[in-house]
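For reference, the structure discussed in these notes is given below.
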Amino acid sequence: DNTITTAYPLEGWDGKTLGLIELKKVYDFLSVSKRLSTISIWFLATLAFVILIIFFLSFNVLVNIPLSKISHALITKSRDDRQKLLSLNSEFKKIGALIEDYFGQQEKLEKEIEVRKETEAQKEKLITELDTANRELKDFAYIVSHDLKAPLRAIGSISQWIHEDYSDKLDDDGKMQLDLLLSRVHRMQNLIEGILSYSRVTRVKEEKEMVDLNVAVKEAIEMVSPPEKFKISVEENLPTVSYGPTHILQIFENLISNAVKYNNKENGEISIRCTENGYDWRISVSDNGPGIEEKYFEKIFQIFQTLQARDEFESTGIGLSIVKKIIENNGGRITVDSTPGEGTKFEFIILK
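First residue of the sequence shown? That's 26 in the working numbering, and the numbers climb one at a time after it.
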């Protein structure tokens with residue numbers, strides 16, 4: 026039954042009950058249930074809407090505004106904005122660490138860029154200086170080849186003429202002095218040729234060819250023409266390498282010539298060997314000469330440096346400098362191993 030009945034007593038002036046008043050109401054409970062459901066839905070929707078607005082307002086204050094400031098600072102890269110952002114660290118702790126880390130990395134990157142710029146500028150300066158030095162060296166080589174060789178040849182020719190035509194008119198001291206003059210002219214000519222060779226090595230890059238080292242070593246030995254007392258042992262089947270033919274010949278000629286020139290043994294020995302080592306060939310030229318003290322290992326490769334007096338051995342001090350320059354220009358290196366009194370071993374690398 027959907028009826029609700031309510032009764033109220035009706036009393037008179039004297040307090041006696043006169044009767045009852047009865048109220049009846051018929052309700053549609055299904056309709057009431059639907060209304061309550063609709064009200065609940067609207068209430069929940071309104072509540073959710075209010076919460077959503079509060080969330081967006083909070084998000085805007087806590088996130089959007091700081092992010093806008095960050096974005097502006099990143100775009101403008103203003104140091105004032107950076108300071109403002111860093112001040113956010115206390116107000117917005119969750120993004121403060123990120124801000125500090127970002128600017129720390131950015132400053133580090135800027136410093137690296139500055140260092141690279143300075144390095145590039147220094148590199149360009151060195152390249153310019155190197156180009157200037159190369160031009161000066163080229164000019165010097167031209168002066169040497171033209172302005173010094175010509176008068177030197179004249180001195181040598183006149184000295185030789187005097188030696189041939191007036192030898193019988195000179196005493197022993199005069200002949201000795203004339204011989205000394207001719208030897209000095211010869212030494213100066215060799216020095217000039219050495220300077221020109223060194224200049225060419227530093228300036229001119231020789232085209233590489235496939236060079237048979239067996240042939241190159243044989244030609245170098247023939248050019249040096251060692252005395253018969255020397256025993257030269259050459260490993261069979263030396264490799265064929267990609268190298269400048271003139272340069273490889275200069276290397277072997279200088280090393281073999283030095284081994285012959287400075288050998289103080291009655292029976293000199295020279296050994297030429299080759300070992301394969303992965304990506305390169307290692308060529309060694311060994312002798313049983315007087316050897317070299319370790320403190321001179323670097324000095325012997327410096328230009329114009331010799332360990333013996335030039336009056337004892339005719340040497341320009343340029344040969345090993347040329348050898349080292351050629352080898353390094355071709356991506357290799359040369360080392361020396363020696364024990365005084367036992368001999369010396371030069372080893373250089375040729376890339377495959």
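For glycine and all other residues, C-beta sits at the position ideal for the given N, C-alpha and C.
- Note: residue 376 is bridge-paired with 305 in the DSSP secondary-structure output.
- In the three-state scheme derived from DSSP, where H, G and I count as helix and E and B as strand, residue 34 is classed as strand.
- Out of 307, 231 and 238, the CA that lies nearest to the CA of residue 271 is found in 231.
- DSSP, read as helix, strand or coil, puts residue 364 in strand.
- In the structure shown, residue 45 falls within a strand segment according to DSSP collapsed to helix, strand and coil.
- Counting along the chain, residue 271 sits inside the alpha helix (DSSP H) bounded by residues 270-286.
- In the DSSP assignment, residue 243 falls within the alpha helix (DSSP H) that extends over 238-249.
- In this structure, the alpha-carbon of residue 200 lies about 18 Å from that of residue 212.
- Residue 133 has its alpha-carbon roughly 51 Å from the corresponding atom of residue 219.
- Counting C-beta atoms within 10 angstroms of its own C-beta, residue 140 has fewer than 16 neighbours from the protein chains shown and is therefore classed as exposed.
- Excluding residues up to 5 positions away in sequence, 217 lie with their Cβ nearer than 7 Å to the Cβ of residue 174 in the same chain.
- Check the Cα spacing between residue 372 and each of 157, 221, 305 and 167: the tightest is with 305.
- Taken atom to atom, the span from the alpha-carbon of residue 135 to that of residue 146 is near 16 Å.
- Of 342, 163 and 321, the smallest CA-CA separation from residue 329 is found for 342.
- Only exposed fits residue 131, as fewer than 16 other CB atoms lie within 10 angstroms of its CB.
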